[in-house]
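Quick notes on the structure that follows.
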Amino acid sequence: MRLVLIDRDGVLNVDRPDYVKNPGELVMLPGSAVAVARLNAAGLLVAVCTNQSPIGRGIFDEAMLSRIHDRLRDELAREGARLDAIFHCPDAPGRPSACRKPEPGMLKEAMRRFGATAGDTPFVGDTLTDMQAARAAGCPRHLVRTGHGARTQAAGLPADLLPVSVHETLADAVDVLLGKAAP
């Protein structure tokens, strides 16, 4: 394993029902920055793959998303963490392309950029579409119960997505990825 892919909203930061529309609305989930720092310290690359439909919906633009991601990087840096890349898909749900999860485009792009193989590149997310994108890309699937994760798990994961490792938080998923806890 050399690369870990992570969804943003609901995994790293609080997933707002009205979207994170500006840097001030980005609130980190407890322990998520430290979890990324642990991956960094282990020598792993970390990339975010996030659907950002507010751009396609006209709620905010690419410049605002850049400011939000600057805030995310600042919050991570406070805990000694960094992201090696952020991939986003601006498409609204009604106009999806190959990059919008559940399609695997962003995940495949990240693996290409870093020369990683799918079977060795876990994806950590909190939604059914995250798990579907990971399956379509050939990545091991890790569902966190933060964000939409508890509801996603309670609704039942389709058999074609299994196996999916389920964790309370990103920190718990990192424990497993780094071999510090039983899967």
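Every position in the sequence shown, counted from 1, becomes a number in our numbering once 1222 is added. The C-beta atom is built at its ideal place from N, Cα and C for all residues, glycine as well.
Check, Outcome
"Residue from C1321, A1356, M1328 and R1335 with nearest C-alpha to G1341", "A1356"
"D1382 (DSSP reduced to helix, strand or coil)", "helix"
"S1319 - DSSP class collapsed to helix/strand/coil", "coil"
"Per-residue DSSP class, three states only, for F1336", "helix"
"Identity of the residue in E1301, L1266 and V1233 nearest L1400 by Cα", "L1266"
"Distance, R1367 Cα to R1373 Cα", "8 Å"
"Rounded C-alpha distance that separates A1320 from R1334", "15 Å"
"Reduced DSSP secondary structure (H/G/I, E/B, other) of T1272", "strand"
"Sequence-distant residues of the same chain with beta carbon closer than 7 Å to M1328, five excluded per side", "C1271, F1309, C1311 and C1321"
"Delimiting residues of the alpha helix (DSSP H) encompassing V1396", "L1392 to L1399"
"Alpha-carbon to alpha-carbon, M1250 and T1349", "18 Å"
"Assigned secondary structure, H1370 (DSSP; H/G/I helix, E/B strand, else coil)", "coil"
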